[in-house]
Amino acid sequence: MKGLRIIIFVDLSDPNSQLHLRDPGVSGSLSTFFITSPKFTDTIFHFSQPAAASVVLGVNQDAYSEVNLDYIKTHDIRLARRGAGGGAVYVDPGNLTYAFIDNDDGTNYLNFKKYATPAIHVLHKLGVDAEMTGRNDLTVDGKKFSGMSSLKIGNRFSCGGTLMIDVDLDQAAKALTPPKTKLASKGIKSVHSRVTNIRQYFLPQYRQITFAEIRRLLLEEVFQTTDLATIPTYTMSEADWQQVELIAQNKFTDPDFIMGTKRDDDFFHGNHFDGLGTVEISFSVDDGIVTHARIFGDFNQANGHLKVIEDKLIGTPFKKDNLEEAFRTTNLSANIGPISAAEMADLMLNPHFQEVN
Numbered sequence: 165m166k167g168l169r170i171i172i173f174v175d176l177s178d179p180n181s182q183l184h185l186r187d188p189g190v191s192g193s194l195s196t197f198f199i200t201s202p203k204f205t206d207t208i209f210h211f212s213q214p215a216a217a218s219v220v221l222g223v224n225q226d227a228y229s230e231v232n233l234d235y236i237k238t239h240d241i242r243l244a245r246r247g248a249g250g251g252a253v254y255v256d257p258g259n260l261t262y263a264f265i266d267n268d269d270g271t272n273y274l275n276f277k278k279y280a281t282p283a284i285h286v287l288h289k290l291g292v293d294a295e296m297t298g299r300n301d302l303t304v305d306g307k308k309f310s311g312m313s314s315l316k317i318g319n320r321f322s323c324g325g326t327l328m329i330d331v332d333l334d335q336a337a338k339a340l341t342p343p344k345t346k347l348a349s350k351g352i353k354s355v356h357s358r359v360t361n362i363r364q365y366f367l368p369q370y371r372q373i374t375f376a377e378i379r380r381l382l383l384e385e386v387f388q389t390t391d392l393a394t395i396p397t398y399t400m401s402e403a404d405w406q407q408v409e410l411i412a413q414n415k416f417t418d419p420d421f422i423m424g425t426k427r428d429d430d431f432f433h434g435n436h437f438d439g440l441g442t443v444e445i446s447f448s449v450d451d452g453i454v455t456h457a458r459i460f461g462d463f464n465q466a467n468g469h470l471k472v473i474e475d476k477l478i479g480t481p482f483k484k485d486n487l488e489e490a491f492r493t494t495n496l497s498a499n500i501g502p503i504s505a506a507e508m509a510d511l512m513l514n515p516h517f518q519e520v521n
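In this note's numbering, the protein residues as written are 165 to 521.
Quick look at the structure:
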């Protein structure tokens, strides 16, 4: 792919890798491993197919408002949380997940279109009129079939997403409960009406194409070759998987990290901001003073320090000027993204943004 220097393909199709990837918490630890391991210093590419159904939350999301927890427990759907931003996704064996790990050159971090381009090209060949819409969604016929997310540690980052090919859409709709503000911003009423599988859009001669054949097409596109034997390929060793498991144990399989703390505030406001995503704030006010605040959302700034903002709000008078001043001193662009102090203050003050669950 032009403008994308691939150094290696990490092949996760061997039986040992498949065994480790059965745990979504371990699978979610791969990006951190590839970003931080000293053995990988250039661009790499990999993909995988979930072994079972799970819901994967973005790093800044509220599990209690995004997921039907009773439903997923009853139906043995695992819950996981990734280190990257973005929104909650339902994945099952009908998904194909792909990711790039690259170095930040000042132009490519959060450049979702760049890393989606190989998938878009392959889908066009298969007959899907796929396009990137919004900040990080791939759509066809106005319906989403892929969401992308990114995680940055130091100067390296991951960027990837899932392709919905044969996903159980009914189960996805029942497992996810996105805030009404997110659905309203897209002019839709439910998860089911918003998403689609893409197999139905394949040309007739490709309707029965296998996942293995789709992976082959992706490899040919990414590496610009029809001879897969020429692709530099790395297979994970048991020592590598031990490192991944350690990352998972320290964070990604920790129930406290996955669930977070259930919010218990007086107010919960949310709004979808174009080019940023959904920002939500749970807060309490006593005698005109903010006494507690927590920020959630599906914005892609995964490295922000939300606690800096939350702590700054405590003790602030619940008035427009005071709230704006508090937000102005918390580096919103670095900690959340492109949103102004005035917009954050309005999010708290305007009852129009109150979420009714």
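C-beta: ideal position from N, C-alpha, C; glycine also.
Residue i - DSSP class collapsed to helix/strand/coil
i, result
"LEU496", "helix"
"TYR262", "strand"
"GLN407", "helix"
"GLY441", "strand"
"SER193", "coil"
"ASP301", "strand"
"PRO368", "helix"
"TYR235", "helix"
"ARG363", "helix"
"MET423", "helix"
"ILE450", "The identity of residue 450 in the sequence shown is Asp, whereas the question assumes Ile. Note: ASP450 maps to strand in three-state DSSP."
"THR281", "helix"
"SER143", "Because the chain is modelled from 165 through 521, residue 143 falls outside the range shown and cannot be assessed."
"ASP181", "The question names Asp, but residue 181 in the sequence shown is Ser. DSSP places SER181 in helix when its eight states are reduced to three."
"ASP269", "coil"
With 16 other Cβ atoms within 10 Å as the buried cut-off, status of residue i
i, result
"LEU367", "exposed"
"VAL472", "exposed"
"HIS436", "buried"
"LEU392", "exposed"
"SER310", "buried"
"THR326", "buried"
"GLN213", "buried"
"ASN464", "buried"
Residue nearest to residue i in terms of C-alpha spacing, selected from the options
i, options, result
"THR390", "TRP405, GLU377, THR196, PRO515", "GLU377"
"ALA215", "ALA403, SER177, THR281", "SER177"
"GLU402", "ILE171, PHE173, GLN182", "GLN182"
"ASN224", "GLN518, ARG458, ILE208, VAL292", "ARG458"
C-beta atoms of residue i and residue j nearer than 9 Å
i, j, result
"ASP226", "ARG358", "no"
"ALA302", "LYS308", "Per the sequence shown, the amino acid found at residue 302 is Leu instead of Ala. Taking 9 Å as the Cβ cut-off, LEU302 and LYS308 qualify as a contacting pair."
"VAL443", "PHE432", "no"
"VAL500", "LEU440", "Per the sequence shown, the amino acid found at residue 500 is Ile instead of Val. In this structure, LEU440 lies closer than 9 Å to ILE500 by Cβ."
"TYR254", "GLY324", "no"
"ALA134", "ILE422", "This structure cannot settle anything about residue 134, because the visible part of the chain is limited to 165 through 521."
"ASP462", "PHE447", "no"
"MET296", "PHE264", "no"
"LEU487", "ALA509", "yes"
"ILE241", "GLN335", "yes"
"PHE416", "GLY192", "yes"
"VAL219", "MET400", "no"
Cβ of residue i within 9 Å of any chain B Cβ
i, result
"VAL174", "Protein chains in the displayed structure number just one, and chain B is not present."
Distance, residue j Cα to residue i Cα
i, j, result
"THR397", "GLN413", "27 Å"
"HIS516", "ASP475", "25 Å"
"ALA252", "GLU230", "7 Å"
"ILE503", "VAL408", "35 Å"
"TYR370", "LEU381", "12 Å"
"ILE317", "ASP305", "35 Å"
"VAL355", "LEU333", "At VAL355 the pLDDT is 48, less than 50, meaning the model places this residue with poor confidence; the figure from the coordinates comes in the next sentence. About 9 Å."
"PRO342", "TYR228", "10 Å"
"GLY270", "HIS288", "29 Å"
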